[in-house]
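Asker: Got a structure for you, written out below as structure tokens; questions coming shortly.
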Amino acid sequence: MNQNRIITCFYRVALLMLAVTGFAQMPVFKRYYIADIPGFGWLAQFYTTHILHYIFAIVFIFFISYFASLHIGAGKKIEAALFVKGGIFLGLVISGFFLVFKNFPGYRFSDLFISITNLVHLGLVMVLFLYLAVLFMYNLRNK
Amino acid sequence: MSRNFSRRAFLKGSAIAACAVVTSGIPEVAAASSGEHIATFHDLTKCTGCGDCVAACNEENIQKYPDPKKPFPKMLPKRVSVEDWSEQQDVDDRLTPYNWLYIQEAEVETDDGKTSVFIPRRCMHCVNPPCVKLCPWGAAVQEINGLSKINSKTCLGGAKCRTVCPWGIPQRQTGVGLYLDILPSLAGNGVMYKCDRCFQRINTGKEPACLEACPEGAQTMGKRNEIIKKAYRIAKEINGYVYGDKENGGTNTIYVSPVPFDTLNSTIEKGKGMPDFLYKKNAMANGNNIATAMFIAPFAGIAAAAGKFFISRQKTSEVKNESE
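Chains A and B, in that order, give the protein sequences.
Each residue of the first sequence is one higher than the one before, starting from 1 at the first, in my numbering.
Each residue of the second sequence is one higher than the one before, starting from 1001 at the first, in my numbering.
Here it is as structure tokens:
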């Protein structure tokens, strides 16, 4: 496996784990028996998934800044598909930034702002996965 | 009114009353406007367990209590339990959606023999409250003065706040709230309830109902740093112990007891809706420590890309040189 493949693999794992640990912030995995599956009990532990979400967010932010810098540095054209993906990523990072920031002691935002930010963050993840699914299908068709 | 009640006496009395009202309101208002937290001090040597605070809390907050619609929606999957306190609204020996404050009793041995220590228990109003910070919907909020409350209009009753609360304070009532209008069988399960420090009173410069009702003056309220100083001063005077200053990274409810809290904890009844008195490590600290690294990640990514770019350029120029 070459270096690029390893990096892509890490990036994809980070993205997947971000989605899983992000959904785990809602009390759904226990309710729907997923946390009962052997090895998945941690999905119902909110503090564990909270920390893991942060760790994978660090990995993810590192990779998107890395890939974006390489792309821009090489002077490559930003195609429409990449523009959409970049926009979603940027939205996720910005909304996530506020959600992380509010967790520090002494920082508070209005409940309406937090509710909207939470919904934007969750909504963008859903849009991203929808987009990736469509892209996957499109690529499959054109192969 | 007494016949001897002179104008001077009236003015003097009015001035004293006005001062009393103003000074009782000052800490809350001043703290709120400066962004400083307000805290409550509980002197357990004074509490007699009369229950006046519990009655006052109920009276003040009755209009906020849930009024569930029955029958409850069929919950899916079946493991989702209904939590219904509407038929047990009189329960006052634990926290419920209809009882946000209760008195714990600890029987302890002292030099004078067996004695009872009475402890009013409610939300601790943490300085950095996990219930607020980790609510996935933003239904829980912390006010600028440090009090935390749950918005019953937006809470879905998932009870995450109770799970992440080091004391398990918020209590759920099924059959009420926003979830009924979304997917009542599949998501949500009611609304979470807990002490909100009578925010409606504090906002108008009044003290919380429990504090005002205490006949022994066992509770006082003020700016957090002043309350902390007072708590340690009194603890030193009585050779006592402080709880709530360091727990969960700091709370806005400070208890002073003549008996170690470990001893109190070993004798009080504990369980669901009955918080303990154990030391609690800062629940949000690990996450927040990791979060600081998040701010470095984009710069690390850019640096890594720059490194790769530099290496590949160098390699290209080496190849060019060799071919020449």
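Beta carbons are placed, not taken as given, at the ideal position from N, Cα and C, and that holds for glycine.
Count the other C-beta atoms from every protein chain shown that fall within 10 angstroms of the C-beta of phenylalanine 62 of chain A, then say buried if there are 16 or more, exposed otherwise.
Answerer: The count along the first sequence starts at 1 and reaches residue 62 of chain A at position 62. Looking at its Cβ environment, which holds 16 or more other Cβ atoms inside 10 Å, phenylalanine 62 of chain A is buried.
Asker: Could you round the C-beta distance between proline 1097 of chain B and proline 1130 of chain B to whole angstroms and report it? I think they count as a contact, below 8 Å.
Answerer: Numbered from its first residue, the second sequence carries residue 1097 of chain B at position 97. Numbered from its first residue, the second sequence carries residue 1130 of chain B at position 130. Contact doesn't hold; Cβ gap of about 20 Å is too wide.
Asker: Going along chain A in order, which residues have a C-beta closer than 8 Å to the C-beta of asparagine 1225 of chain B?
Answerer: Within the second sequence, the letter at position 225 stands for residue 1225 of chain B. Those do not exist, as asparagine 1225 of chain B stays about 14 Å from chain A at its closest Cβ, beyond 8 Å.
Asker: Determine, using beta-carbon pairs with one atom in the segment 104-119 of chain A and one in the segment 78-86 of chain A, whether at least three such pairs fall under 8 Å.
Answerer: No: fewer than three Cβ pairs fall under 8 Å.
Asker: With a CB to CB cut of under 7 Å and the five nearest residues on each side skipped, what residues in its chain are close to alanine 57 of chain A?
Answerer: Start at 1 with the first residue of the first sequence, and residue 57 of chain A comes out as number 57. Correct list, in chain order: Leu18, Gly96.
Asker: What runs of the alpha helix (DSSP H), each 4 residues or longer, lie entirely inside the segment 1038-1090 of chain B?
Answerer: Whole alpha helix (DSSP H) segments, 4+ residues: 1052-1061.
Asker: Give the secondary structure of tyrosine 1279 of chain B by DSSP, where H, G and I count as helix, E and B as strand, and everything else as coil.
Answerer: The count along the second sequence starts at 1 and reaches residue 1279 of chain B at position 279. Looking at tyrosine 1279 of chain B - three-state DSSP - the assignment turns out to be coil, as it is neither helix nor strand.
Asker: Give a yes or no on whether the minimum CB-CB distance between glycine 1138 of chain B and chain A is below 9 Å.
Answerer: Within the second sequence, numbered from 1, the residue matching residue 1138 of chain B stands at position 138. Yes, glycine 1138 of chain B counts as interfacial toward chain A.
Asker: Using CA atoms only, rank isn't needed, just tell me which of B/Arg1313, B/Ile1311, B/Met1124 is closest to glycine 1250 of chain B.
Answerer: For the purposes of this step, residue 1250 of chain B is taken as residue 250 along the second sequence, with counting starting at 1. Residue B/Met1124 is the option with its Cα nearest to glycine 1250 of chain B.
Asker: Quick one: what's got a C-beta closer than 6 Å to methionine 1274 of chain B's C-beta in the same chain, skipping five residues either side?
Answerer: Reading the second sequence from its first residue, position 274 is the one you call residue 1274 of chain B. So the list reads Arg1094, once near-sequence residues are dropped.
Asker: Tell whether a beta-carbon distance below 9 Å holds between asparagine 1128 of chain B and asparagine 1225 of chain B.
Answerer: Position 128 of the second sequence, counted from the start, is the residue given in the question as residue 1128 of chain B. Position 225 of the second sequence, counted from the start, is the residue given in the question as residue 1225 of chain B. Taking 9 Å as the Cβ cut-off, asparagine 1128 of chain B and asparagine 1225 of chain B do not qualify as a contacting pair.
Asker: Going by DSSP, what residue range makes up the alpha helix (DSSP H) through isoleucine 1169 of chain B?
Answerer: Your numbering for residue 1169 of chain B matches position 169 in the second sequence. Run containing isoleucine 1169 of chain B: none; DSSP gives neither H nor E here.
Asker: DSSP state of serine 1257 of chain B, grouped into three classes?
Answerer: The count along the second sequence starts at 1 and reaches residue 1257 of chain B at position 257. In this structure, serine 1257 of chain B counts as strand in the three-state DSSP scheme.
Asker: Would you say valine 1141 of chain B lies against chain A (beta-carbon separation less than 9 Å)?
Answerer: Looking up residue 1141 of chain B in the second sequence gives position 141. Chain A contact via Cβ: present.
Asker: Please report how far the alpha carbon of alanine 1231 of chain B lies from the alpha carbon of valine 1242 of chain B, in whole angstroms.
Answerer: Here the question's residue 1231 of chain B lines up with position 231 in the second sequence. Here the question's residue 1242 of chain B lines up with position 242 in the second sequence. Each residue's Cα considered, the two are about 7 Å apart.
Asker: Give the DSSP-derived three-state secondary structure of arginine 1094 of chain B in the structure shown.
Answerer: Stepping through the second sequence from its first residue, residue 1094 of chain B is reached at position 94. Three-state result, arginine 1094 of chain B: coil.
Asker: Could you check if alanine 1285 of chain B is buried or exposed, using at least 16 other CB atoms within 10 Å of its CB as the buried criterion?
Answerer: Taking the second sequence and counting its residues from 1, the one referred to as residue 1285 of chain B is at position 285. So alanine 1285 of chain B counts as exposed.
Asker: Measure the alpha-carbon distance for isoleucine 1169 of chain B versus valine 1117 of chain B and round it to whole angstroms.
Answerer: Mapped onto the second sequence, residue 1169 of chain B falls at position 169. Mapped onto the second sequence, residue 1117 of chain B falls at position 117. Each residue's alpha carbon lies about 21 Å from the other.
Asker: At which residue ranges does the segment 1149-1218 of chain B contain complete beta strand (DSSP E) runs of 3 or more residues, listed in the order of the chain?
Answerer: Those beta strand (DSSP E) runs which fall completely within the segment 1149-1218 of chain B and span 3+ residues are 1171-1173, 1191-1193.
Asker: Of all Cβ atoms in chain B, is any one closer than 9 Å to the Cβ of asparagine 103 of chain A?
Answerer: For the purposes of this step, residue 103 of chain A is taken as the residue at position 103 of the first sequence. Yes, because at least one Cβ of chain B sits closer than 9 Å to the Cβ of asparagine 103 of chain A.
Asker: Under 9 Å between C-beta atoms, does proline 38 of chain A make it to chain B?
Answerer: Taking the first sequence and counting its residues from 1, one reaches residue 38 of chain A at position 38. Judged by the 9 Å Cβ criterion, proline 38 of chain A is not in contact with chain B.
Asker: Here's the rule I'm using: 16 or more other beta-carbon atoms within 10 Å means buried, otherwise exposed. How should arginine 1197 of chain B be labelled?
Answerer: Residue mapping note: residue 1197 of chain B aligns to position 197 of the second sequence, counting from 1. By the neighbour-count rule (16 or more Cβ atoms within 10 Å), arginine 1197 of chain B is buried.
Asker: Give me the Cα-Cα distance between arginine 1121 of chain B and leucine 1101 of chain B, rounded to the nearest whole angstrom.
Answerer: Within the second sequence, residue 1121 of chain B is the residue found at index 121, counting from 1. Within the second sequence, residue 1101 of chain B is the residue found at index 101, counting from 1. Going by the C-alpha atoms only, they are around 6 Å apart.
Asker: Within this structure, are the beta carbons of proline 1215 of chain B and aspartate 1052 of chain B separated by less than 9 Å?
Answerer: Sequence index remark: in the second sequence, residue 1215 of chain B carries index 215 (1-based). Sequence index remark: in the second sequence, residue 1052 of chain B carries index 52 (1-based). Taking 9 Å as the Cβ cut-off, proline 1215 of chain B and aspartate 1052 of chain B qualify as a contacting pair.
Asker: For cysteine 9 of chain A, count the other beta carbons within 10 Å of its own beta carbon; 16 or more makes it buried, fewer makes it exposed. Which is it?
Answerer: Translated into positions along the first sequence, residue 9 of chain A becomes position 9. It counts as exposed.
Asker: Secondary structure at phenylalanine 40 of chain A, three-state DSSP: helix, strand or coil?
Answerer: Within the first sequence, the letter at position 40 stands for residue 40 of chain A. Correct three-state label for phenylalanine 40 of chain A: coil.
Asker: Under a CB-based cut-off of 9 Å, is asparagine 2 of chain A close to chain B?
Answerer: Start at 1 with the first residue of the first sequence, and residue 2 of chain A comes out as number 2. Taking Cβ atoms only, chain B never reaches closer than 9 Å to asparagine 2 of chain A, which makes this a no.
Asker: Would you verify that the beta carbon of arginine 1079 of chain B is, or is not, closer than 9 Å to some beta carbon of chain A?
Answerer: Residue numbering aside, residue 1079 of chain B sits at position 79 when the second sequence is read from its first letter. Yes - at least one Cβ of chain A is within 9 Å of the one on arginine 1079 of chain B.
Asker: What is the rounded straight-line gap between the Cα of alanine 1218 of chain B and the Cα of isoleucine 1103 of chain B?
Answerer: Within the second sequence, the letter at position 218 stands for residue 1218 of chain B. Within the second sequence, the letter at position 103 stands for residue 1103 of chain B. About 13 Å.
Asker: Looking at C-beta atoms only, is the number of pairs between the segment 1074-1082 of chain B and the segment 1146-1154 of chain B that lie closer than 8 Å three or more?
Answerer: No: fewer than three Cβ pairs fall under 8 Å.
Asker: Could you check whether asparagine 1252 of chain B and alanine 1039 of chain B sit closer than 9 Å to each other, using their CB atoms as the reference points?
Answerer: Taking the first residue of the second sequence as 1, we reach residue 1039 of chain B at position 39. Taking the first residue of the second sequence as 1, we reach residue 1252 of chain B at position 252. Yes, the Cβ-Cβ distance between alanine 1039 of chain B and asparagine 1252 of chain B is below 9 Å.
Asker: Determine the extent of the beta strand (DSSP E) in which serine 1116 of chain B is found, giving its start and end residues.
Answerer: On the second sequence, residue 1116 of chain B is found 116 positions in, with the first residue counted as 1. 1113-1121 is the span of the beta strand (DSSP E), which, as asked, contains serine 1116 of chain B.
Asker: Is there a Cβ from chain B that is less than 9 Å from the Cβ of leucine 124 of chain A?
Answerer: Walking along the first sequence from the start, residue 124 of chain A turns up at place 124. Closer than 9 Å: no.
Asker: Taking Cβ positions only, does leucine 1095 of chain B come closer than 9 Å to chain A?
Answerer: Here residue 1095 of chain B is taken as the residue at index 95 of the second sequence, counted from 1. No - not a single Cβ of chain A is within 9 Å of the one on leucine 1095 of chain B.
Asker: Establish whether the CB of asparagine 1288 of chain B and some CB of chain A are separated by less than 9 Å.
Answerer: Reading the second sequence from its first residue, position 288 is the one you call residue 1288 of chain B. Yes, asparagine 1288 of chain B counts as interfacial toward chain A.
Asker: List, in chain order, every chain B residue whose beta-carbon is nearer than 8 Å to that of methionine 26 of chain A.
Answerer: In the first sequence, residue 26 of chain A corresponds to position 26, counting from 1. Chain B residues near methionine 26 of chain A: Pro1136, Gly1158, Lys1160.
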